[in-house]
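Novice: Attaching a single structure in structure tokens format; questions to follow.
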Amino acid sequence: MKLFPSLQKRYTKERFTAVQAQRLAQEIAFGPIVFQVSRLMLKFGIFRLLSDNREGMSLEQISQATGLSKYAAQVLLEASLTIGTLLVKEDRYLLAKAGWFLLNDEMARVNMDFNQDVNYKGLFHLEEALVNSRPEGLRELGDWPTIYEGLSGLPEQVQKSWFGFDHFYSDNSFDQALEIVFSHSPHTLLDVGGNTGRWAAKCVQYNKEVEVTIMDLPQQLEMMKQKTENTPGHERIHGHGANLLDKNVPFPKGFDAIWMSQFLDCFSEKEVISILSRAARSMSVDGRLYIMETFWDRQKFETAAYCLTQISIYFTAMANGNSKMYHSDDMARCIREAGLEIEEILKLANEAPVLEYPLLEKTDERSLCQPSGTSAIAEKVKREVDVLTEMSQVYTWKSPKKLRIGLAKDEAFCFFYEDNLDLLRSMGAELVAFSPVHDGHLPENLDGLLLYGGYPELNGKALEENLSMRQEIAAAIKDGMPCLAECGGFMYLHESMEGMDGKFYEMAGVIPGKVWRTPRLTRFGYITLKQNQGISHGKQETAILGESDLGVSPAHEFHYFDSDNCGTAFHASKPESKRGWDCMHGSDHLLAGFPHLYYYANPKIPQAFLKKCLEYKELQK
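For what it's worth, numbering that gives the first Met the number 0 labels the leading residue of the sequence shown as 0, then goes sequentially.
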């Protein structure tokens, strides 16, 4: 079996000691209890209480605060203590790392709601589903052959959890996918299995001329119309009702591009080949078929692979009885059998987000054969423990005062991780949205600025014409207001920027230089950022955001633009490659560059930013 290197290391050798394996076996045996206890710790607000009271709380305090009886609180707390989501210090309970992630990690929350509301009762019928090749657990929700016929009729809470789960694993990649699809300038696009029309809505807003037709079950099209009726450009979204499982139903012709997102995993291999074969027969010579799927074997992070293989069981018991989250080799084989040729495989940056601690240097293998080898290993372990301890303290840091942070949010600035925003909020930030396109002035009493990615190149004229906003942002940053800027936000801070129309527009002028469009993706893909010690703007600096070393940050770049002044504050290294380059501008109150950061991978950056915001707030008194 082919696996990405990160998974190969994990799945090809025993990774548990005997004691750890025994513990895992018991965790599996008590799995339903562990799940329900942890779910109720969230529902009753106990994890939140302990997150807000970091010195811990006693049983009596927790009972009083939640309204639970002392007995009810005690059995939940003691079970959580042995599960590992809580710690205890004298008579006070404290939140452990696993509890913190259950409370704050979006993927964990989405998965828990999905399993409780959609899967929990139905999984009792998994054995029948495996034997009969039918979704036998679906009877707990309704009388349908597959879950897809019943989506519009699911109870409200079940529907909410199902769509929340479905959108989480696809929507984060839409912005990157749009650039790829529309780089070939399609005028007509067929969205196969378009569901509620979220991708179609993105398309008609991204391109003002494209016509999108959603091909799906008739009942789904009715739901789609309701969801998109108030969307700008909805008049260019059309429906084509069809039962895609009927091998005799042809695909409509005349489309420049066909799009399938998180769709083929809903079908068996035989059905996938049938669908792709019909798509192939409908395509012109110049047509393209785009498939966006989350393949479990191609995940950079093992936690993502774990989640995806477990999701396959949902397809077995609840969805249709015969599909799964596919291995990429299996999908490639289906594509070839359908008579199609794979033109290109692109790895989108937004895979299921999980935490990755900074990687430490490898211990020289030769040292392990020398007398000093044991001490070398011990020192490495100590460093790892120190890193984890430091990270834990950073994650739980909270500003002693509420900080008002301006968040650029409109059609020009719309690409950001919700996880990043959630972490900033948990650290004490109040995020105040404003529009560099439409608003004449910044919100009042700001302590910092966030300028994330998006499509400033499509809004160059509007951004230039909003002179007051450009001047206020420039003045605020030059006056010392802390600012984080990524990709589109970084472009906006330049003196000038080339728009998609080929014209150059004046921008904020904080960073000297200009940004121009390139014919292909520039420095595309994953990178690892490491601060160039004491260097920024090509000259010596004492610190960046007050820190001499912000640590190692996994990041990604995805853009068709380049700058004549990319910065030198960090060095970017390509994984499993010798390629690298300097990038980003850093100063005491500014961090700006093309790379997109994921704050959970290195929480020192948002912490340092907010500490600077706090300093700035105090100086304004």
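No residue lacks a Cβ here, since even glycine has one placed at the ideal position from N, Cα and C.
(1) Quick one: give me the first and last residue of the alpha helix (DSSP H) that K610 is part of.
(2) Grouping DSSP H, G and I as helix and E and B as strand, with all else coil, what is F34?
(3) Between which two residues does the beta strand (DSSP E) containing T521 stretch?
(4) Give the single residue among L23, E505, I476 whose Cα lies nearest to the Cα of L466.
(5) So what does DSSP say about W580, is it helix, strand or coil?
(6) For the segment 431 to 442 against the segment 394 to 401, are there 3 or more C-beta pairs whose distance is under 8 Å?
(7) For E360, which residues from the same chain have a beta carbon less than 8 Å from its beta carbon, with the 5 sequence-adjacent residues on both sides left out?
(8) Considering Cα atoms alone, identify which of D142, E89, A407 is closest to L445.
(9) Taking T195 and F164 to be in contact with their CB atoms under 8 Å, please state how far apart those CB atoms are, rounded to whole angstroms.
(10) The beta strand (DSSP E) with A407 in it runs from where to where?
(11) I need the straight-line Cα distance from G585 to I543, nearest angstrom please.
(12) Given a threshold of 16 other Cβ atoms within 10 Å of its Cβ, counted over all protein chains shown, does R53 qualify as buried or as exposed?
(13) Taking all protein chains shown into account, do 16 or more other C-beta atoms lie within 10 angstroms of the C-beta of K159, making it buried, or fewer, making it exposed?
(14) Using a Cβ-Cβ distance cut-off of 8 Å, determine whether M506 contacts chain D.
(15) What three-state label does DSSP hand V551 in the structure shown?
(16) Thinking C-alpha only, which one of Q204, V248, K460, N247 is nearest T227?
(17) Span of the alpha helix (DSSP H) holding A78?
(18) Determine the direct distance from the alpha carbon of S172 to that of A303, and round the result to whole angstroms.
(19) Among residues of its own chain, excluding the 5 on either side of R403, which ones have a beta-carbon nearer than 6 Å to its beta-carbon?
(20) Relative to the ligand MG, is the shortest distance from any of its heavy atoms to the C-beta of R277 smaller than 7 Å?
(21) For A432, report the span of its beta strand (DSSP E) as first-last.
(22) Should A17 be labelled buried (16 or more other beta-carbon atoms within 10 Å of its own) or exposed?
(23) Determine contact between the segment 133 to 147 and the segment 332 to 342, defined as no fewer than three beta-carbon pairs at a distance below 8 Å.
(24) Report the rounded CA-to-CA distance for S322 versus L122, giving the unit in angstroms.
(25) So, with DSSP's three-state summary, where would you put V117?
(26) In chain order, what residues of the same chain have a beta carbon less than 6 Å from the beta carbon of L220, not counting five sequence neighbours either side?
(27) Smallest Cα separation from A474: which of I510, C486, L528?
(28) Locate the beta strand (DSSP E) running through E624, then write down its first and last residues.
(29) What whole-angstrom Cβ distance do G545 and K502 have, given they're in contact under 8 Å?
(30) Excluding five sequence neighbours on each side, which residues of the same chain lie with their C-beta closer than 8 Å to the C-beta of Y10?
(31) Consult DSSP for D478 and reduce its assignment to one of helix, strand or coil.
(32) Determine the extent of the beta strand (DSSP E) in which I213 is found, giving its start and end residues.
(33) Along the beta strand (DSSP E) that carries W258, what are the first and last residues, could you check?
(34) For I621 and R133, what's the separation of their Cα atoms in angstroms?
(35) Pick from L129, A591, T521, K69: whose alpha carbon is nearest that of Y313?
(36) Any idea what DSSP makes of V248, helix, strand or coil?
Specialist: Working from what's here:
(1) For the purposes of this step, residue 610 is identified with residue 611 of the sequence shown, where counting begins at 1. Where K610 is concerned, the enclosing alpha helix (DSSP H) stretches over 603 to 618.
(2) Working through the sequence shown from its first residue, we reach residue 34 at position 35. Here F34 sits in helix by DSSP.
(3) The sequence position of residue 521 within the sequence shown is 522, counting from 1. Taken as a continuous stretch (DSSP letters only), the beta strand (DSSP E) holding T521 covers 510 to 530.
(4) For the purposes of this step, residue 466 is taken as the residue at position 467 of the sequence shown. Ranking L23, E505, I476 by Cα distance to L466 puts E505 first.
(5) Counted from its first residue, the sequence shown places residue 580 at position 581. The answer is strand: DSSP assigns W580 an E or B state.
(6) no
(7) Indexing the sequence shown from 1 puts residue 360 at position 361. Low confidence applies here, because E360 scores a pLDDT of 27, under 50, leaving its location unreliable and the question unanswered by this model.
(8) Translated into the one-based positions of the sequence shown, residue 445 becomes position 446. The candidate whose alpha carbon is nearest that of L445 is A407.
(9) As a first step, residue 195 is located in the sequence shown; it is residue number 196 there, counting from the start. As a first step, residue 164 is located in the sequence shown; it is residue number 165 there, counting from the start. The beta-carbon distance between T195 and F164, rounded to whole angstroms, is 13 Å. This is too long to meet the 8 Å contact definition.
(10) For this step, residue 407 is matched to residue 408 along the sequence shown. Where A407 is concerned, the enclosing beta strand (DSSP E) stretches over 402 to 407.
(11) Position 586 of the sequence shown holds residue 585. Position 544 of the sequence shown holds residue 543. About 5 Å.
(12) Translated into positions along the sequence shown, residue 53 becomes position 54. By the neighbour-count rule (16 or more Cβ atoms within 10 Å), R53 is not buried but exposed.
(13) Translated into positions along the sequence shown, residue 159 becomes position 160. Exposed, by the Cβ-count rule.
(14) Within the model displayed, chain D is absent; a lone protein chain is all it includes.
(15) Counting from 1 along the sequence shown, the entry for residue 551 is found at position 552. Here V551 sits in strand by DSSP.
(16) As a working note, residue 227 is residue 228 in the sequence shown. Selected option, being the one with the closest Cα: Q204.
(17) Stepping through the sequence shown from its first residue, residue 78 is reached at position 79. 69 to 82 is the span of the alpha helix (DSSP H), which, as asked, contains A78.
(18) Along the sequence shown, one-based indexing puts residue 303 at 304. Along the sequence shown, one-based indexing puts residue 172 at 173. C-alpha separation (whole angstroms): 15 Å.
(19) Reading the sequence shown from its first residue, position 404 is the one you call residue 403. Once the five neighbours on either side are set aside, the close Cβ partners of R403 are E429, V431, N444, L445, D446.
(20) The ligand content of the structure shown is nil, which means the ligand MG is not present either.
(21) Here residue 432 refers to the residue found at position 433 of the sequence shown. Looking at the DSSP string, the run of the beta strand (DSSP E) that includes A432 is 428 to 433.
(22) Within the sequence shown, residue 17 is the residue found at index 18, counting from 1. A residue is called buried once 16 or more other Cβ atoms fall within 10 Å of its Cβ, and A17, having fewer, is exposed.
(23) no
(24) In the sequence shown, residue 322 corresponds to position 323, counting from 1. In the sequence shown, residue 122 corresponds to position 123, counting from 1. Straight-line Cα distance between these residues: approximately 16 Å.
(25) Residue numbering aside, residue 117 sits at position 118 when the sequence shown is read from its first letter. If DSSP states are grouped into helix, strand and coil, V117 belongs with the helices.
(26) By one-based count along the sequence shown, residue 220 stands at place 221. For L220, where only same-chain residues beyond five positions count, the Cβ hits under 6 Å are G238, G240.
(27) Taking the sequence shown and counting its residues from 1, one reaches residue 474 at position 475. Considering only alpha carbons, the answer is I510.
(28) Not covered by the structure: residue 624. The range shown for the chain is 0 to 620.
(29) Working through the sequence shown from its first residue, we reach residue 545 at position 546. Working through the sequence shown from its first residue, we reach residue 502 at position 503. Not a contact, Cβ separation roughly 39 Å.
(30) Translated into positions along the sequence shown, residue 10 becomes position 11. Excluding positions up to five away in sequence, the list reads L2.
(31) Locating residue 478 in the sequence shown gives position 479, counting from the first residue. Note: D478 maps to coil in three-state DSSP.
(32) Here residue 213 refers to the residue found at position 214 of the sequence shown. Start and end: 210 to 215.
(33) For the purposes of this step, residue 258 is taken as residue 259 along the sequence shown, with counting starting at 1. Segment 256 to 260, the beta strand (DSSP E) holding W258.
(34) Residue 621 lies beyond the range of the chain shown here (0 to 620); nothing can be said about it.
(35) Indexing the sequence shown from 1 puts residue 313 at position 314. Nearest C-alpha to Y313: L129.
(36) What you label residue 248 is simply residue 249 of the sequence shown in a count that begins at 1. Reduced to three states, the DSSP call for V248 is coil.
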